[in-house]
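Notes follow the structure.
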Amino acid sequence: MKARNNRMASIRIKEVFKSFYKTKIIHGISIDIQEGEFLVIVGPSGCGKSTLLRMVAGLETVSAGEIFINGRMVNEDEPMERNVAMVFQNYALYPHMNVFNNMAYGLKIAGTSKKEIKTRVDNAASILQLEDLLERKPRDLSGGQRQRVAMGRAIVRKPDVFLFDEPLSNLDAKLRVKMRLEIKALQRSLKTTSLYVTHDQVEAMTLADRMVVMNNGKAEQIGVPLEVYDYPATLFVAQFIGSPSMNIFKGNSNNNAVTFGDSIEISSKTRFDGEVFVGIRPEHLIVDPDGLLTVRLKITEPLGANTLVYGTVKGTNEEVVISLPGTVEIDSLKNEMRLSFQNKNIHIFDRKTNKRIG
Amino acid sequence: MRRTVIFKGWKLPILLLLPQLTITALFFFYPAGQAIWESLFIPDPFGLKSQFVGTGNFEFLLSDRYYRNSFRTTAVFSISVTFLSMGIALYLAVLADRLIKGAGIYSSLLIWPYAVAPAIAGVLWLFMFNTRVGVVSWYIGLLGYDWNHVLNQGEAMGLVVLASSWGRISYNFLFFLAGLQAIPKSVIEAAAIDGAKFWRRFRTIVIPLLSPITFFLLVVNIVYAFFETFGVIHTITSGGPQQATTTLVYKVFSDGFVGQDLGSSAAQSVILLFVVGLLTVIQFKFIERKVHY
């Protein structure tokens, strides 16, 4: 394989299914990934997101459907024929090789000249600040350094596609934020098409050009992070994206009037008759003496920048979380608090299908 | 990381060491000392009196063609048993490791031969290869080859190697399988994505990561081939034909207890002691250094 710079590739996942024996893991997913795009697949554990990534890598077979890289169907291709690089959750460094050889392994197999290998590894090492560690074995590295070597191993090969399988899960919280920024900066400068799998919605929101929210082997929503945040397509997405998660109340829709809680009535643009869920994000609830929503307070969690207030809705006893800016003294909180909200921040989902209707 | 325990007095540590030291003294130092002492004498066949000969027993042994041959026999035998049993075990372990269904059943079945006592294993193989009634030798006969390990030295060696390796495969298989399963799957997958095909991955990733286990098995198998194959050799060939399968250990037995030359037998034990000591030093000095990663 010849050396190429900033190779970009499109990935097309078309109606892909996966089952292990009789267990169905993925029930038909279609995603188009543009050249140079950073696509993040986010979902709870067991939703099939890693399996999907491994199918793109060629580590799992595709039960039905097709995967294209650069317009070429790769279903039957071996991992090595797809020109992808993967960063694993546990880094998967070769424990018996030093950092240099870990990064050079793929190049050696590809038959790259020694001089070229050295140039590329040194270049990657300087990008990732690994110059002083090239002689070390993986066991002598910290978690963050191992992570960097795994990244280095991916970039020296100049692949068409980067695949990340929860690469930051094994790092502590602080390092995770740091590496997240580094990965983002690296991808922006290399412009290599990337597919990134995580269960962490913050990682998904911050890294993604576009994100796919997966649940139970299905893509619930595909879109730009803020669009997914502002207009969640399903009840699952609404609750999965955003922390703390969205408050959900049972309600009823009659033509374009929606009632929920203690007979609160709001107008809605959608014409719908039937049972619905009404969702409001914790940060969209405002303390207001004239507010429609009355909440019995239970406990507060001061986080410094904001305070989380937990309580139940008067009348229905449904759980509710409110995120208030700044510090709110518990003394100043009476037993009850009235809250208001803006109608544009209300999300309405059909209770039968769990799909967004307004 | 090494953790050191510091004791306040010396009584408790001595007490804790005592059982092991007693066993070592009673079953190792005492017999070893006895052997060294006896190697300096030639006792009469009835054990009534013995005559001091100094290094006479050793001088005789080193000039004895059969004894020198026994070194060669032992080397051929040990190396063959070790490589055959480890090679087959590794091959089976690689196959079992790739299985998704039924791996447990295959593993259990493969472990069975280890439960068979060496002498019984020897008898089993002896019957199968018996020159008159053996099943295998009959089939070999159908192919036009006249199997006769009673007369043919090479065939005798082949048979004892085969019988000794057979039970050993189980033991090695278990360790190799455990070793293979301890290699993180993602490391192999990373190599696959890096472009390494099966053989390349096996050579550059699997073998190096298995090296600590391979080294352990090498030491254990050589010790086995030296000392624990007595039963197999005794039942199948009794060291014959013409001492072709007489290993150093077997010769200690046959010269001492069959030939009644107890002085020579003791001297052989002493030589064996040094040979094994030397082997151990070589193994740990030169090989162990290379197997850490």
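Top line first, the protein sequences correspond to chains A and B.
Read in order, the letters of the first sequence correspond to residues 1 to 358 in the numbering used here.
Read in order, the letters of the second sequence correspond to residues 1 to 293 in the numbering used here.
We treat Cβ as the ideally placed atom computed from N, Cα and C, and that holds for glycine.
Grouping DSSP H, G and I as helix and E and B as strand, with all else coil, what is Tyr-106(B)?
Of the three classes helix, strand and coil, the one that applies to Tyr-106(B) here is helix, per DSSP.
Closest to Arg-136(A) by C-alpha separation, out of Glu-283(A), Pro-232(A), Ala-150(A), Met-97(A), would be which residue?
Measuring from the Cα of Arg-136(A), the nearest candidate turns out to be Met-97(A).
Looking only at its chain, what residues have a beta carbon closer than 7 Å to the beta carbon of Asp-261(B), apart from the 5 residues adjacent to it on each side?
Result list for Asp-261(B): Asp-255, in chain order.
Can you tell me whether His-149(B) is helix, strand or coil according to DSSP?
Coil.
Does the beta-carbon distance from Thr-294(A) to Arg-338(A) come in below 9 Å?
In this structure, Arg-338(A) lies closer than 9 Å to Thr-294(A) by Cβ.
Looking at C-alpha atoms only, which residue of His-199(A), Arg-139(A), Tyr-105(A) is the closest neighbour of Val-156(A)?
Considering only alpha carbons, the answer is Tyr-105(A).
Along chain A, in chain order, which residues have C-beta atoms closer than 7 Å to that of Ser-186(B)?
Residues of chain A passing the Cβ test: Phe-88, Asn-90, Ala-92.
Report buried or exposed for Arg-72(B), applying the criterion of at least 16 other Cβ atoms within 10 angstroms of its Cβ.
The residue in question, Arg-72(B), is exposed, as its Cβ has fewer than 16 Cβ neighbours within 10 Å.
Taking 9 Å as the cut-off, decide whether the C-beta atoms of Leu-61(B) and Ala-244(B) are in contact.
No, the pair does not count as a contact, with Cβ atoms beyond the cut-off.
What residues of chain B sit near Leu-59(A), judged by a beta carbon separation below 8 Å?
Here the neighbours are Glu-189, Ala-192, Ile-193.
Find the nearest neighbour of Ser-63(A) within the set Glu-81(A), Ile-264(A), Ala-85(A), His-27(A), judged by alpha-carbon distance.
Closest option to Ser-63(A), Cα to Cα, is His-27(A).
Can you give the Cα-Cα distance for Lys-108(A) and Arg-153(A), rounded to whole angstroms?
Spanning the two alpha carbons is a distance of roughly 12 Å.
Which partner residues of Asp-97(B) appear in the DSSP bridge assignment?
According to DSSP, Asp-97(B) bridges with nothing at all.
Whether or not the stretch 236-256 of chain A and the stretch 278-293 of chain A are in contact is what I'm after, with contact meaning three or more pairs of Cβ atoms, one per stretch, closer than 8 Å; do they touch?
The stretch 278-293 of chain A vs the stretch 236-256 of chain A: in contact.
Which whole-angstrom value describes the C-beta separation of Ser-194(A) and Phe-164(A), a residue pair presumed to lie in contact below a C-beta threshold of 8 Å?
That pair is a contact at about 7 Å.
Which residues, in order along the stretch 105-126 of chain A, keep a beta-carbon less than 8 Å from a beta-carbon of chain B?
Cβ contacts with chain B come from Tyr-105, Gly-106, Ile-109, Ala-110.
Please list the residues of the stretch 66-86 of chain A that have a C-beta atom closer than 7 Å to any C-beta atom in chain B, keeping them in chain order.
Against chain B - using a Cβ distance shorter than 7 Å - the residues of the stretch 66-86 of chain A are Pro-79, Met-80, Val-84, Ala-85, Met-86.
Step through the CB atoms of chain B and report whether any lies within less than 9 Å of the CB of His-199(A).
No, because no Cβ of chain B sits closer than 9 Å to the Cβ of His-199(A).
What distance in whole Å lies between the Cβ atoms of Ser-165(B) and Ser-85(B), which are believed to be in contact at a cut-off of 8 Å?
Correct: roughly 4 Å between the Cβ atoms.
From Leu-15(B) to Tyr-30(B), what distance separates their C-alpha atoms?
Using only the alpha carbons, I get a separation of about 21 Å.
Kindly indicate which residue of Glu-336(A), Asp-209(A), Gln-342(A) has the alpha-carbon position closest to the one of Gly-36(A).
Minimum Cα distance to Gly-36(A) is reached at Asp-209(A).
Using the beta-carbon count (16 or more within 10 Å), is Arg-4(A) buried or exposed?
With a pLDDT of only 45 at Arg-4(A), under the threshold of 50, the placement of this residue in the model should not be trusted; the figure read from the coordinates follows. Answer is exposed; the Cβ neighbour count stays below 16.
When you compare only the Cα positions, how much space is there between Phe-52(B) and Ala-35(B)?
Each residue's alpha carbon lies about 14 Å from the other.
Distance check for Ala-185(A) and Leu-174(B), CA to CA, integer angstroms please.
If I take the Cα positions, the gap works out to 48 Å.
If we ignore side chains and look at the alpha-carbon of each, how far apart do Met-211(A) and Met-86(A) end up?
Between Met-211(A) and Met-86(A), the C-alpha separation is close to 19 Å.
Identify every residue that forms a DSSP beta bridge with Tyr-310(A).
In the DSSP output, where bridge partners are listed per residue, Tyr-310(A) has Ile-299(A), Val-321(A).
Could you name the residues that DSSP lists as bridge partners for Lys-355(A)?
Partner(s): Thr-234(A).
Where does the unbroken beta strand (DSSP E) through Leu-48(B) begin, and where does it stop?
Note, Leu-48(B): premise wrong, no beta strand (DSSP E); not H, not E.
Among residues of its own chain, excluding the 5 on either side of Met-1(B), which ones have a beta-carbon nearer than 6 Å to its beta-carbon?
With a pLDDT of 49 at Met-1(B), under the threshold of 50, the predicted position of this residue should be treated as unreliable, and no value is reported.
For a test of the three-state rule: what should DSSP assign to Gly-231(B), helix, strand or coil?
Looking at Gly-231(B) - three-state DSSP - the assignment turns out to be helix.
Does DSSP put Pro-221(A) in a helix, a strand or coil?
Strictly speaking, residue 221(A) in this sequence is Gln, with Pro absent from that position. It is a strand residue.
Just to confirm before moving on: does the CB-CB distance between Met-103(A) and Val-74(A) stay below 9 Å?
No, they are not a contact pair.
Using a Cβ-Cβ cut-off of 7 Å (strictly less than) and excluding sequence neighbours within five positions of Ala-32(B), which residues of its own chain qualify?
Answer for Ala-32(B): Leu-273, listed in chain order.
Any C-beta of chain A sitting closer than 9 Å to the C-beta of Thr-204(B)?
Yes, Thr-204(B) lies at the interface with chain A (some Cβ there is under 9 Å from its Cβ).
Quick check: the Cα distance between Lys-218(A) and Ala-121(B), rounded to an integer number of angstroms?
Straight-line Cα distance between these residues: approximately 58 Å.
Is it true that the CB of Val-160(B) sits closer than 9 Å to the CB of Ile-233(B)?
Contact: yes.
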